[in-house]
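K.L.:
Going by my numbering, the first residue of the sequence shown is number 14, and it counts up by one from there. Backbone N, C-alpha and C define an ideal beta-carbon position, used for all residues, glycine too. Just so you know, these numbers come straight off a predicted model, no measurement behind them.
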Amino acid sequence: MKKTALITGASGGIGSAAARALARDGFRLALCYNSDEAGIKRLAKELNKSTDAFTAKVDVSNRAQVDSAFEQAAEEFGGISVLVNCAGISQQKLFTDITEADFDRMMAVTVKGTFNTCQAALPFMINRKRGKIINISSMWGVAGASCEVHYSAAKAAVIGLTKALARELAPSNIQVNCIAPGVIDTKMNSCFSEAELEALKNEVPMGRFGSPEEVAALISYLASEKSDYVTAQVIGIDGGFI
14 MKKTALITGA SGGIGSAAAR ALARDGFRLA LCYNSDEAGI KRLAKELNKS TDAFTAKVDV
74 SNRAQVDSAF EQAAEEFGGI SVLVNCAGIS QQKLFTDITE ADFDRMMAVT VKGTFNTCQA
134 ALPFMINRKR GKIINISSMW GVAGASCEVH YSAAKAAVIG LTKALARELA PSNIQVNCIA
194 PGVIDTKMNS CFSEAELEAL KNEVPMGRFG SPEEVAALIS YLASEKSDYV TAQVIGIDGG
254 FI
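#1: Do you know offhand how far residue 15's Cα is from residue 40's?
#2: Along the chain, where does the beta strand (DSSP E) that runs through residue 68 open and close?
#3: Would you kindly check if the distance between the Cβ of residue 149 and the Cβ of residue 194 is under 9 angstroms?
#4: According to the neighbour-count rule (16 or more other Cβ atoms, all chains shown, within 10 Å of its Cβ), is residue 28 buried or exposed?
#5: For residue 76, which option in 216, 124 and 66 has the closest C-alpha, if you only look at C-alpha atoms?
#6: Let me know if residue 90 comes out buried or exposed under the rule of 16 or more other beta-carbons within 10 Å of its beta-carbon.
#7: Compute the beta-carbon to beta-carbon distance between residue 23 and residue 131, rounded to the nearest angstrom, for a pair I have assumed lies under 8 angstroms.
#8: In chain order, what are the residue ranges of uninterrupted alpha helix (DSSP H) at least 4 long that sit wholly in the stretch 143-214?
#9: Would you call residue 107 buried or exposed, if buried means 16 or more other Cβ atoms sit within 10 Å of its Cβ?
#10: Tell me the DSSP secondary structure of residue 220 in three-state form.
#11: Candidates 210, 229 and 192: which alpha carbon is nearest residue 220's?
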C-alpha cells in the first residue's frame, strides 16, 4: 500500500500545513474537516495537483461519521498508514462560567474524537504491523492555563491516551506520539485582541509565535520511517514557553 494519511481538522492552520507537508512527502491524503467547506475545497484542489486527496465532512465526536471517513479511505486507498489528529476547539472562560455543555463539547471533540479516530485506524495498522498515530495536544495540556481549565484538561487527557496507547501498540510496531504546540499563528487566536496577542508574544522566550509550517515539519518527521523508534513521547514546540 502506498503511504496514506488521514488528517482530522485538515482545513485549520496546523491541519492544512500538515497536509501540504505530507503531500510533499508522497502521501495520499484523506482530508477531514467539520465546517470550513470552502477552505477544504481549495486545499484539495491545490493538493490534487501533486497527489491523490479526497475530503470528508466529519464531526470527530460522532463515531458513525468517523467510521464513514475511514471506510472511504479504505475504498479510495486501501486503508491508511498514518493518522494525524488535528481537530480541536478552544474556549476561554473563567472556570466558574464554564457550563456543563461547554465541558461536554470540549471533551467530546478533543478526547472522544481522538479515541474514535484512533480506534477506527487500528484495524488497518494492526493487520500490517505498521502505523503512525500523531495526536495534537497543547502546552496547556502539560502546564495548564488559567481561564482554559476544560481545554487544558482535555488536552492533558490526549497526552494520557497517547502514552498508554503507545505502550499497548508497541508490540505491533505502531508508533503513537503527541505534539504539544505553544502559541501558533493560526485563526484559533482570533479571539484575542492585538494587545493581548502582543502581551502573549512577550511571554515567549523566542519573542514570536510559532508557524503552522514548523509544527507540520515535526508531523512530517513523526510520520516518516526516521521516527520508527520514537513512541509514547510528548514533544513540545513552544519557543521555550514552558
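P.N.:
Reading from the atomic positions:
#1: Taking the first residue of the sequence shown as position 1, residue 15 is located at position 2. Taking the first residue of the sequence shown as position 1, residue 40 is located at position 27. If you take the alpha carbons of residue 15 and residue 40, they lie about 7 angstroms apart.
#2: As a working mapping, residue 68 is identified with position 55 in the sequence shown. 66-70 is the extent of the beta strand (DSSP E) around residue 68.
#3: The sequence position of residue 194 within the sequence shown is 181, counting from 1. The sequence position of residue 149 within the sequence shown is 136, counting from 1. Contact: yes.
#4: For the purposes of this step, residue 28 is taken as the residue at position 15 of the sequence shown. So residue 28 ends up on the buried side.
#5: By 1-based counting over the sequence shown, the position of residue 76 is 63. Here the closest residue by C-alpha is 124.
#6: Taking the first residue of the sequence shown as 1, we reach residue 90 at position 77. Looking at its Cβ environment, which holds 16 or more other Cβ atoms inside 10 Å, residue 90 is buried.
#7: Counting from one through the sequence shown, the residue named residue 23 turns up at place 10. Counting from one through the sequence shown, the residue named residue 131 turns up at place 118. The Cβ separation is near 17 angstroms, so there is no contact.
#8: 152-156 and 162-182
#9: To locate residue 107, count along the sequence shown from 1; it is residue 94. Under this definition residue 107 is an exposed residue.
#10: Stepping through the sequence shown from its first residue, residue 220 is reached at position 207. Coil, per DSSP.
#11: Position 207 of the sequence shown, counted from the start, is the residue given in the question as residue 220. Of the candidates 210, 229 and 192, the one whose C-alpha sits nearest the C-alpha of residue 220 is 210.
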